[in-house]
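In the numbering used here, the protein residues as written are 22 to 569.
Structure follows, in structure tokens:
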């Protein structure tokens with residue numbers, strides 16, 4: 022529309038300008054024969070129309086032809102002055118055309134408006150000078166003053182509206198730019214969402230769906246037009262692996278809103294519109310407004326049905342294989358132990374072979390036990406027998422068992438009453454009892470102390486314990502090889518092993534710390550590590566305190 026209007030105005034201005042020139046020539050060469058009605062009003066209309074149209078064209082397309090249009094306005098204003106001059110000069114009834122020229126020039130450009138205003142002032146003074154032969158009287162000065170006042174007033178009004186118009190045009194241009202940018206961003210976002218293989222939906226503060234991508238349509242069977250505006254729990258009726266609904270109290274979207282952190286759930290399933298049960302992994306994150314308040318949420322989910330089935334098959338295989346191998350391994354361990362017993366009459370070489378075979382069978386049995394423990398943990402079949410007991414007595418008993426292994430490597434394994442502290446503002450009482458499953462805590466201590474012995478070549482291993490009002494914190498500190506920051510992030514993951522030459526010689530299954538972390542968490546505590554490569558490690562875990 023703007024392009025059509027621009028060229029329409031340009032053509033009209035050109036024709037009008039040609040008409041002004043023709044009219045001026047007729048006036049000049051016919052001794053003002055055409056200086057009467059209806060020709061004079063026609064000339065006035067042409068000058069006014071052309072200057073106005075040229076100004077509007079400049080506003081529409083200022084950047085491309087700004088200098089040329091300024092020149093046009095100046096030329097048409099000069100033609101207007103010539104028309105005025107032929108009709109009586111500054112005393113002409115057509116002198117108001119000068120004011121029109123000033124106003125229209127200011128609308129387009131303040132600099133151009135000032136130029137034409139000054140040109141008008143010089144014209145008035147020059148005409149007065151010619152009429153009086155340079156002898157100005159009071160009447161001349163008053164007339165000049167009135168005319169100058171009119172010019173100044175017209176200039177101020179025109180400059181004000183020029184600024185207002187430019188501000189409006191600038192704001193409109195900025196708004197159009199913002200709209201174009203937002204449209205482009207939306208198109209880009211839509212393209213990204215459409216190309217994603219994962220399902221994505223966005224909800225508002227009431228958990229009503231506002232965005233639903235194509236992958237989400239395919240997974241759920243819902244069309245975006247139907248899903249948008251509905252409560253997300255009605256579109257995806259999620260249930261956990263215990264077949265309990267997760268749409269209300271345990272809704273991951275509500276959890277991410279309350280915590281302000283991303284939430285990942287891999288234990289959910291739902292039945293889509295095609296009556297197909299789908300196991301999904303969902304990642305939830307809050308959307309916040311400029312004030313930091315939660316205004317909605319984003320969920321990215323994918324179908325992990327096949328992956329989940331494969332994992333279940335793998336876990337079942339491991340569980341079955343572990344159970345099946347446990348019996349023959351136990352028997353084999355017993356036979357070898359009997360064969361190498363002190364009463365056995367065998368030569369030293371054979372005894373050495375039997376010792377090595379016995380160690381390998383013990384390691385295999387330990388691996389099978391770890392696999393069984395992992396299977397029980399992941400199937401949530403670990404039975405806890407929580408009771409109140411003295412954690413210090415348990416630590417001392419485990420140390421007695423582990424001391425021979427430490428002595429073999431000439432390591433000091435230390436724990437004493439001086440290593441027991443009651444710290445923190447809330448520390449009360451001197452009870453060293455905790456509430457947990459004693460056998461599971463013994464396994465935790467065994468794993469951590471055994472690891473400390475394994476990965477420490479010289480120095481000491483020190484166990485300490487601190488009590489606050491709620492928890493007992495046990496610390497196993499060694500002077501071993503230490504662990505890098507990158508490895509610390511993955512240390513408690515299943516089957517993870519630190520890959521360097523120092524740990525490769527020691528070996529291991531990569532399950533011990535995973536099992537340890539799981540047992541600590543099952544007993545209501547948490548575990549973490551503080552370590553620096555080459556400077557030893559500290560493994561710390563907490564247990565709920567029992568105060569009788």
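Ideal placement from N, C-alpha and C gives every residue a C-beta, glycine not left out.
*Kindly list the residues whose CB is nearer than 8 Å to the CB of residue 331, restricted to its own chain and excluding five residues on each side of it in sequence; keep chain order.*
none
*asked:* For residue 541 and residue 466, what's the separation of their Cα atoms in angstroms?
replied: 10 Å
*Terminal residues of the continuous beta strand (DSSP E) containing residue 437?*
Residue 437 -> no beta strand (DSSP E), and no H or E assigned at all.
*Find out if the Cβ-Cβ distance for the pair residue 398, residue 539 is shorter than 8 Å.*
yes
*Whose C-alpha, out of 367, 418, 363 and 229, is nearest the C-alpha of residue 317?*
229
*How about the segment 467-482 and the segment 410-423: do they share at least three Cβ pairs that are nearer than 8 Å?*
yes
*Where the alpha helix (DSSP H) through residue 395 begins and ends*: 369-399
*Can at least three beta-carbon pairs, one atom from the segment 503-520 and one from the segment 370-389, be found at a separation below 8 Å?*
no
*asked:* Within 8 Å, do at least three Cβ pairs link the segment 495-504 to the segment 548-560?
replied: yes
*Any chance you could list the alpha helix (DSSP H) runs of at least 4 consecutive residues sitting entirely within the segment 227-289, in chain order?*
235-241, 245-248, 253-256 and 273-280
*Use the C-beta contact count for residue 307: other C-beta atoms within 10 angstroms, 16 or more gives buried, fewer gives exposed.*
buried
*Looking only at its own chain, which residues have a Cβ that is under 7 Å from the Cβ of residue 257, when we skip the five neighbours before and after it?*
241 and 291
_Neighbourhood of residue 431 by C-beta, 8 Å cutoff - its chain only, sequence neighbours within 5 removed_ = 479
*Helix, strand or coil: how does DSSP classify residue 331 here?*
helix
*asked:* Just verifying my parser: in three-state terms, what is the DSSP assignment at residue 525?
replied: For residue 525, the predicted model reports a pLDDT of 49, less than 50, meaning its position is unreliable; a value from the coordinates is still stated below. Here residue 525 sits in helix by DSSP.
*Pull up the DSSP beta-bridge partners for residue 559, would you.*
498 and 551
_If distances are taken between C-alpha atoms only, which option among 477, 392, 463 and 353 comes closest to residue 433?_
477
*By Cβ distance, which residues of its chain are closer than 6 Å to residue 320, with the 5 residues on each side in sequence left out?*
222, 303 and 305
*On the three-state DSSP scale, how would you describe residue 341?*
helix
*Own chain residues within Cβ distance below 8 Å of residue 350, not counting five before or after*: 382, 385, 386 and 389
*Do residue 395 and residue 536 come within 8 Å of each other at the CB atom, strictly closer than that value?*
yes
*Please name the residue in 456, 312, 285 and 282 whose C-alpha comes closest to that of residue 406.*
456
*Inter-residue Cα distance where the pair is residue 81 and residue 194*: Confidence is the limiting factor: at residue 81 the pLDDT is only 46, short of 50, which leaves the residue's position unreliable and the question unanswerable from this model.
_Burial state of residue 562 (16 or more Cβ within 10 Å)_ = buried
*According to the neighbour-count rule (16 or more other Cβ atoms, all chains shown, within 10 Å of its Cβ), is residue 366 buried or exposed?*
exposed
*Label residue 333 either buried or exposed according to how many other C-beta atoms from any shown protein chain fall within 10 Å of its C-beta, with 16 as the threshold for buried.*
exposed
*Smallest Cα separation from residue 427: which of 443, 275, 452 and 499?*
499
*Can you tell me the Cα-Cα spacing of residue 546 and residue 403, whole angstroms?*
16 Å
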